[in-house]
Amino acid sequence: MRTKQFKSESKKLMDMMINSIYTHKEIFLRELISNASDALDKLYFKSLTDNSVGIAPEDFEIRLEIDKENRTLKICDNGIGMTEEELDNNLGTIAKSGSFDFKKENEKKENVDIIGQFGVGFYSAFMVSDCVTVETKAFGSDTAYRWKSTGASGYTVEPCEKESVGTEITLVIKPSTEDENYDEFLDQYRISNLVKKYSDYIRHPIKMAFTTKQPVEGKENQYEDIVEDRTLNSMIPLWKKAKGDITDEDYNNFYKEKFYDYTNPARVIHTKTEGQATYNALMFIPERPPFDYYTKEYEKGLQLYSKGVLIMDKCADLLPDYFSFVKGLVDSEDLSLNISREMLQHDAQLKLIAKTLEKKIKSELEKMLKDNREAYEKFFKAFGIQLKFGVYNDYGMHKDTLKDLLLFRSSKEGKYVTLKEYVAQMPEGQQSIYYACGETDEKIDILPQADTVKEKGYSFLYLTENVDEFALKVIGEYEGKKLVNICDNDFNLDTDEEKKELEIKNELAKDMFEEMKKALGENVNAVRYTGKLKSHPVCLTSEGGISLEMEKVLNSMPNAEQNQIKAQLVLEINSQHPIAEKLEKLYKEDKDTLAKYTKLLYGEACLIGGKSLPDALEHSNLVCELMTK
Numbered sequence: 000m001r002t003k004q005f006k007s008e009s010k011k012l013m014d015m016m017i018n019s020i021y022t023h024k025e026i027f028l029r030e031l032i033s034n035a036s037d038a039l040d041k042l043y044f045k046s047l048t049d050n051s052v053g054i055a056p057e058d059f060e061i062r063l064e065i066d067k068e069n070r071t072l073k074i075c076d077n078g079i080g081m082t083e084e085e086l087d088n089n090l091g092t093i094a095k096s097g098s099f100d101f102k103k104e105n106e107k108k109e110n111v112d113i114i115g116q117f118g119v120g121f122y123s124a125f126m127v128s129d130c131v132t133v134e135t136k137a138f139g140s141d142t143a144y145r146w147k148s149t150g151a152s153g154y155t156v157e158p159c160e161k162e163s164v165g166t167e168i169t170l171v172i173k174p175s176t177e178d179e180n181y182d183e184f185l186d187q188y189r190i191s192n193l194v195k196k197y198s199d200y201i202r203h204p205i206k207m208a209f210t211t212k213q214p215v216e217g218k219e220n221q222y223e224d225i226v227e228d229r230t231l232n233s234m235i236p237l238w239k240k241a242k243g244d245i246t247d248e249d250y251n252n253f254y255k256e257k258f259y260d261y262t263n264p265a266r267v268i269h270t271k272t273e274g275q276a277t278y279n280a281l282m283f284i285p286e287r288p289p290f291d292y293y294t295k296e297y298e299k300g301l302q303l304y305s306k307g308v309l310i311m312d313k314c315a316d317l318l319p320d321y322f323s324f325v326k327g328l329v330d331s332e333d334l335s336l337n338i339s340r341e342m343l344q345h346d347a348q349l350k351l352i353a354k355t356l357e358k359k360i361k362s363e364l365e366k367m368l369k370d371n372r373e374a375y376e377k378f379f380k381a382f383g384i385q386l387k388f389g390v391y392n393d394y395g396m397h398k399d400t401l402k403d404l405l406l407f408r409s410s411k412e413g414k415y416v417t418l419k420e421y422v423a424q425m426p427e428g429q430q431s432i433y434y435a436c437g438e439t440d441e442k443i444d445i446l447p448q449a450d451t452v453k454e455k456g457y458s459f460l461y462l463t464e465n466v467d468e469f470a471l472k473v474i475g476e477y478e479g480k481k482l483v484n485i486c487d488n489d490f491n492l493d494t495d496e497e498k499k500e501l502e503i504k505n506e507l508a509k510d511m512f513e514e515m516k517k518a519l520g521e522n523v524n525a526v527r528y529t530g531k532l533k534s535h536p537v538c539l540t541s542e543g544g545i546s547l548e549m550e551k552v553l554n555s556m557p558n559a560e561q562n563q564i565k566a567q568l569v570l571e572i573n574s575q576h577p578i579a580e581k582l583e584k585l586y587k588e589d590k591d592t593l594a595k596y597t598k599l600l601y602g603e604a605c606l607i608g609g610k611s612l613p614d615a616l617e618h619s620n621l622v623c624e625l626m627t628k
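Read in order, the letters of the sequence shown are residues 0 to 628 in numbering that gives the first Met the number 0.
Now the structure itself:
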């Protein structure tokens with residue numbers, strides 16, 4: 000027996016690998032199974048040119064064995080095995096990878112597909128075990144060897160008895176503590192679930208013997224133990240099959256089973272890319288959002304595989320926030336299995352994959368919009384708000400990516416339209432894209448400004464979601480057409496002659512408007528005449544970047560009470576309405592009553608515009624007082 004120290008003999012390094020590189024202790028099983036799969040692949044590769052291998056491809060397997068009484072878990076394979084020198088090189092040197100060397104030596108040959116690269120994975124076994132024993136016999140060797148270690152102190156190597164080629168790793172599982180439940184790694188069903196979770200698509204069968212009790216025939220209340228082998232993994236990933244071999248039912252069943260939905264997906268995106276980024280992706284656009292989608296608890300991300308082995312259940316870096324509704328997975332040839340969550344965030348290949356996925360998702364949504372409008376509108380009702388937030392967030396960085404995916408209901412027939420469709424339908428003479436904000440379409444329709452737009456033969460977009468106007472403000476203009484809120488102060492459909500006439504009227508009445516503004520205090524920035532109202536006497540408009548609707552949204556947010564946002568409002572009076580003449584008369588004869596009329600008009604404008612009355616009791620008393628005069 001030889002006792003040796005690790006060549007990188009540093010307990011600190013071992014602790015770092017065990018406690019920092021891997022987030023979850025259960026990862027050890029994934030690592031050891033992947034190593035076993037590598038060993039099988041190497042022997043299979045050798046069998047292509049060496050007839051003496053003597054093992055048919057269908058006989059390659061990985062076997063798991065649990066002994067609860069002795070607290071051991073074994074991972075066995077009939078792969079290529081290791082020589083004494085390879086034990087020293089591969090297991091005696093932390094971060095030495097035999098798989099990487101093998102891959103490098105054969106990188107110009109076909110059919111080489113080895114999972115492991117960094118060689119760190121084997122040491123994850125020490126996260127759950129006090130002692131690790133490796134018994135191995137290399138193909139072509141007459142001698143088997145036993146490698147044994149209890150951790151960073153070192154290891155021993157000695158010859159041992161082993162009849163068949165391959166490797167058997169025995170872990171002595173640690174006793175459970177108050178903080179850690181190590182007993183779970185001695186439970187058959189827990190181990191079976193971990194295989195299903197991380198190694199379901201390993202190309203070789205992973206088997207384990209299960210003991211079940213069955214009634215003894217002809218003997219009442221007597222049972223016998225029946226031992227049967229079960230293959231724990233499915234081995235063939237759906238996403239690696241040719242699209243022509245996969246039915247819609249296959250896709251739907253996979254989605255519902257894998258992502259716990261009871262409805263079929265609205266869209267399936269199955270793509271394979273080779274070149275700078277080589278990967279298979281299978282993604283789904285759900286028909287409806289999960290119950291927690293619009294909550295802080297929701298976690299976005301795609302499952303990330305490396306050659307069929309799960310690296311991460313939800314890799315958030317693969318999806319932008321505005322496509323966070325997408326479910327699915329990516330299987331890449333270019334990512335190492337032994338990558339931690341923290342390292343993935345800085346992986347250049349991952350960023351490249353994410354970029355191409357974003358383009359693919361956008362392309363599929365555009366196809367859906369073009370080819371199946373009904374399905375897209377249904378999708379948009381479920382997830383459209385997320386696309387609008389995507390336009391608004393990050394200072395509008397993604398507006399060009401998303402603006403053609405947005406839908407808004409139009410006042411023309413109440414149908415959903417894109418911005419492109421709205422512009423295409425604009426009549427001659429219309430210079431801008433118009434929109435209006437409110438809680439519902441019906442409340443928007445009673446806005447005084449809405450009549451003006453409709454009378455001109457123009458349509459406007461209904462904005463009823465809190466984020467809508469914020470998104471359109473970020474877009475600013477579309478195809479050279481400015482996006483204009485019909486409740487903004489600068490919205491005006493008058494002719495130049497009408498504008499000039501109105502300007503003169505406002506100049507003549509400026510002293511009266513000053514008196515009226517004094518009655519309203521800080522509620523408004525100005526009072527003036529307008530020509531944009533037809534039969535309505537009054538309305539509220541806003542100046543500056545904050546509209547009345549944006550004020551309501553911002554002030555409804557958490558902690559907004561401490562810093563209330565205020566829109567710069569203008570009380571606009573219809574210059575052609577009889578109320579204008581009445582106000583001018585009161586200004587000359589009864590300024591006190593003018594102040595009361597002003598407050599009353601402001602209250603009416605608030606009610607029409609969806610703004611809360613500043614003083615409901617005062618408003619009610621003014622109505623009653625003026626009615627009795």
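Glycine included, C-beta positions come from ideal geometry on N, C-alpha and C.
Closest in alpha carbon position to Gln275, among Pro214, Leu351, Leu281, is Leu351. For Lys533, the secondary structure class from DSSP, reduced to helix, strand or coil, is coil. If you check the CB distance, Lys610 and Lys551 come in under 9 Å.
With 16 or more neighbouring CB atoms inside 10 Å of its own CB, Ile26 falls in the buried class. The C-alpha of Ile578 lies about 16 Å from the C-alpha of Leu621.
Asn89 carries a helical assignment under DSSP once its states are collapsed to helix, strand and coil. Straight-line spacing of the CA atoms in Asp129 and Leu193 works out to 21 Å.
The criterion of a C-beta distance shorter than 9 Å is not satisfied by Ser574 and Thr540.
A Cβ-Cβ separation of about 6 Å places Arg29 in contact with Val308 under the 8 Å criterion.
The secondary-structure analysis by DSSP pairs Lys73 across a beta bridge with Glu64, Thr169. Bridge pairing for Val131: Ser148, Leu170 [DSSP].
Only residues of its own chain outside the window of five on either side were considered, and among them Asp493, Tyr528, Thr529, Gly530, Ser574 have a CB closer than 8 Å to the CB of Leu501, listed in chain order. With contacts defined as CB atoms closer than 9 Å, Lys472 and Met549 qualify as a contacting pair.
Contact between Lys313 and Glu332 is absent: CB atoms are separated by about 21 Å, not below the 8 Å threshold. The C-beta of Lys326 has 16 or more other C-beta atoms within 10 Å across all chains shown, which makes the residue buried.
Judged by pairs of C-beta atoms under 8 Å, the region 229 to 245 touches the region 275 to 293, as three or more such pairs exist. Scanning its chain for C-beta atoms nearer than 6 Å, with the 5 sequence neighbours on each side dropped, one finds around Thr210 the residues Asp224, Val226, in chain order. Excluding five sequence positions before and after Asp76, the CB atoms of its chain that fall closer than 7 Å to its own CB belong to Ala35, Ala38, Leu39, Ile61, Gly165, Thr166, given in chain order. Sequence-distant partners of Thr230 (beyond 5 residues in either direction) whose C-beta falls short of 6 Å from its own C-beta, in its chain, are Pro204, Lys206. Three or more Cβ pairs drawn from the region 589 to 597 and the region 505 to 515 lie within less than 8 Å of each other, which places the two stretches in contact. The beta carbon of Ala208 sits closer than 6 Å to the beta carbons of Val226, Asp228 from its chain, once the five residues preceding and following it are set aside; these are given in chain order. By the CB criterion at 9 Å, Ala315 and Pro285 fall outside the cutoff.
Linking Val483 to Tyr433 through their CA atoms gives a straight-line distance of about 5 Å.
Contact between Ile485 and Ala435 holds, with the beta-carbon distance rounding to 5 Å and staying under 8 Å. With a cutoff of 9 Å on beta-carbon distance, Gly150 and Phe125 are scored as near each other. Remark: C-beta atoms of Lys419 and Tyr477 approach each other more closely than 9 Å. With a 10 Å radius around the Cβ and a threshold of 16 neighbouring Cβ atoms, Glu571 comes out buried. Just measuring C-alpha positions, the residue of Ala374, Glu68, Ser323 sitting nearest Thr294 is Ser323. A distance below 9 Å separates the beta carbons of Ile54 and Leu42. In this structure, Ser140 sits away from Leu90, with a CB-CB distance that is not shorter than 9 Å. For the set Leu328, Ile65, Arg189, the Cα lying nearest the Cα of Val171 is the one of Ile65. Leu401 is not bridged by DSSP to any residue. DSSP places Gln385 outside any beta strand (DSSP E); the residue lies instead in the alpha helix (DSSP H), whose first and last residues are 372 to 391. In this structure, DSSP gives His576 a state outside helix and strand, which the three-state scheme calls coil. Between Ser410 and Asp444, the C-beta gap is smaller than 9 Å, which places the two residues in contact. The alpha-carbon of His618 is positioned some 47 Å away from that of Glu373.
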